[in-house]
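Position one of the sequence shown corresponds to residue 3 (full-length UniProt numbering), numbered consecutively onward.
Glycine included, every Cβ here is placed at the ideal spot set by N, Cα and C.
Here is the structure we will look at.
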Amino acid sequence: FEREEPNYYGAGPALLPTDVLQQAALDLINYQNLGLGVGEISHRSKQAVSIVDETKVNLTRLLAIPDTHEVFFMQGGGTSGFSSSAANLMAAYAKRTGKKGKAAYAVTGTWSKKAYEEALRLGFEAEAVVDVKKQNGKFGDIPPTSEWKPVNSDYAYLYYCDNETVNGIEFQQVPEAYAAGVEIVADMSSNFLSRKIDVSQYGLILAGAQKNVGLAGLSIYIIKKNLLEQAGDEELKQLGVPLSPIAFHYPTVVQNNSAYNTIPIFTLHIINLVLKKLLAQGGLAVQEATNGRKAAALYSVLDSYPQLFKLPVATGVRSKMNIVFTIEGEGNEDEFLKLSGARGLTGLKGHRSVGGMRASLYNAVTEKSVQSLVDFTKEFAESRK
Ligand code: PLP
3 FEREEPNYYG
13 AGPALLPTDV
23 LQQAALDLIN
33 YQNLGLGVGE
43 ISHRSKQAVS
53 IVDETKVNLT
63 RLLAIPDTHE
73 VFFMQGGGTS
83 GFSSSAANLM
93 AAYAKRTGKK
103 GKAAYAVTGT
113 WSKKAYEEAL
123 RLGFEAEAVV
133 DVKKQNGKFG
143 DIPPTSEWKP
153 VNSDYAYLYY
163 CDNETVNGIE
173 FQQVPEAYAA
183 GVEIVADMSS
193 NFLSRKIDVS
203 QYGLILAGAQ
213 KNVGLAGLSI
223 YIIKKNLLEQ
233 AGDEELKQLG
243 VPLSPIAFHY
253 PTVVQNNSAY
263 NTIPIFTLHI
273 INLVLKKLLA
283 QGGLAVQEAT
293 NGRKAAALYS
303 VLDSYPQLFK
313 LPVATGVRSK
323 MNIVFTIEGE
333 GNEDEFLKLS
343 GARGLTGLKG
353 HRSVGGMRAS
363 LYNAVTEKSV
373 QSLVDFTKEF
383 AESRK
């Protein structure tokens, strides 16, 4: 299973390391000489259970996950996380306080807005404690938390999106939750494992797999164990708190070692192969340094031609994963895409909702590949002078 090393900067599903895919392709046909592929074995078989267990161990090592937290995997992606995080965190709050809680959302871009809207749609009492577009007319910055509406202990959690994939905005630190007991919920779908984090600060981390760690179809959750203690269905009904669908009920999933229903084991196997590779490469400190250099190289060339390239995101909150820019001049964006495509540099078109360009420099995009993009961008800029 060979391929030429792609120069692909798509936002998701995204590039995966070729050697991981080669191993996965073999395992898809014949896993551990069983005469069966890894996607064909029972999700309750010894082999499948050990993939679940190993992936948990490897993730725990990579992120130094403390004993206070639990890892689990579920079908679905980021969007299912929007719904499930609201239901489960509210059920935990009801258990702890005997009350129906409120939810605070930091609306800083497309994905946190969708999460906020989903909480409202499901009937939770959600509130945007900051809404950057309403405030500034566009997404592109993160005001300091001191300017957000205060979050008191009526709130079960404060939700934010750590990296806004569409808008190219990344939090540089964990926002404060103000009141004790208010849990931080972070959507890390597009920057998971791109850098070191302190897991103990979070009540819940959720990440769809298809950008930095795997294929679509599976999402990763890291939860503070005490949030698995939740009010029962009857109590929630009495309080008027909407229930979680059973497949997304975190305590049920955890009790069943992530296999309450059929887990996409091939997808999890790929995640495990990616984790092993990250560990062998030196872990997240190495990854963070590499990703820092990659993003700096591209931002630097874009910043060198301010007449041509416009960067809509405030410097202090620029994403290292998704670099968003527009190009001045009639027809220049189409030309940029055409010429880069002719050179085999692909996946650079911005999200349909915001236009422009977007270069996603996830973990699997090598420094060499970023250099090719930097060289092209510079040549393009020089040719427009
Ligand atoms: N959250 C973030 C940060 C994302 O980038 C995406 C998708 O790109 C989602 C959530 C939604 O993920 P899914 O399409 O897996 O539901």
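The beta strand (DSSP E) enclosing residue i, as first and last residue numbers
| i | result |
| --- | --- |
| E129 | 127-133 |
| T167 | It is not in any beta strand (DSSP E) - T167 carries neither H nor E in the DSSP assignment. |
| D189 | 185-189 |
| Y107 | 104-109 |
| L208 | 206-210 |
| Q77 | 71-77 |
Near the ligand FMN: residue i beta-carbon under 7 Å from a heavy atom
| i | result |
| --- | --- |
| N214 | What this structure holds is the ligand PLP, not the ligand FMN. |
Distance, residue j Cα to residue i Cα
| i | j | result |
| --- | --- | --- |
| P244 | K101 | 13 Å |
| A26 | G103 | 44 Å |
| L270 | I53 | 7 Å |
| V255 | R345 | 46 Å |
| L64 | F338 | 38 Å |
| P152 | P308 | 38 Å |
| A16 | A106 | 30 Å |
| F378 | L18 | 23 Å |
| K48 | K380 | 53 Å |
| G210 | V131 | 25 Å |
| L28 | N169 | 37 Å |
| G234 | E42 | 35 Å |
| Y118 | E384 | 43 Å |
| T99 | V319 | 36 Å |
| K136 | G83 | 25 Å |
| R123 | K140 | 23 Å |
Residue span of the alpha helix (DSSP H) that contains residue i, given as start and end
| i | result |
| --- | --- |
| Y118 | 112-123 |
| N199 | In the sequence under discussion, the amino acid at residue 199 is Ile, which differs from the Asn named in the question. Here I199 belongs to no alpha helix (DSSP H), and DSSP marks it neither H nor E. |
| A299 | 286-305 |
| M323 | Counting along the chain, M323 falls outside any alpha helix (DSSP H), and DSSP gives it neither H nor E. |
| E237 | 235-241 |
| S374 | 369-385 |
| K226 | K226 -> not in any alpha helix (DSSP H); beta strand (DSSP E) instead, spanning 220-226. |
8 Å Cβ cutoff, residue i in contact with chain D
| i | result |
| --- | --- |
| M323 | No chain D appears in this structure, which consists of one protein chain only. |
Cβ neighbours of residue i in the same chain (closer than 6 Å, five flanking residues each side left out)
| i | result |
| --- | --- |
| N293 | S196, K322 |
| F74 | Y223, V255, V256, S260 |
| M359 | F327, L350, G352 |
| E127 | K104 |
| K58 | V73 |
Beta-carbon contacts of residue i that lie in its chain and below 8 Å, excluding the five residues immediately before and after
| i | result |
| --- | --- |
| E290 | S196, R197, K198 |
| T348 | P8, N9, Y10, Y11, G12, S342 |
Same chain, Cβ closer than 7 Å to residue i, neighbours up to 5 away in sequence not counted
| i | result |
| --- | --- |
| A316 | G142, D143 |
| V22 | I272, L275, V276, K279 |
Check whether the stretch 301-308 and the stretch 75-90 are in contact - that is, three or more C-beta pairs closer than 8 Å. no
Contact the stretch 175-193 vs the stretch 231-249: 3+ CB pairs below 8 Å: no
Determine, using beta-carbon pairs with one atom in the stretch 110-117 and one in the stretch 162-171, whether at least three such pairs fall under 8 Å. yes
Three Cβ pairs or more, each shorter than 8 Å: is that satisfied between the stretch 325-339 and the stretch 276-287? no
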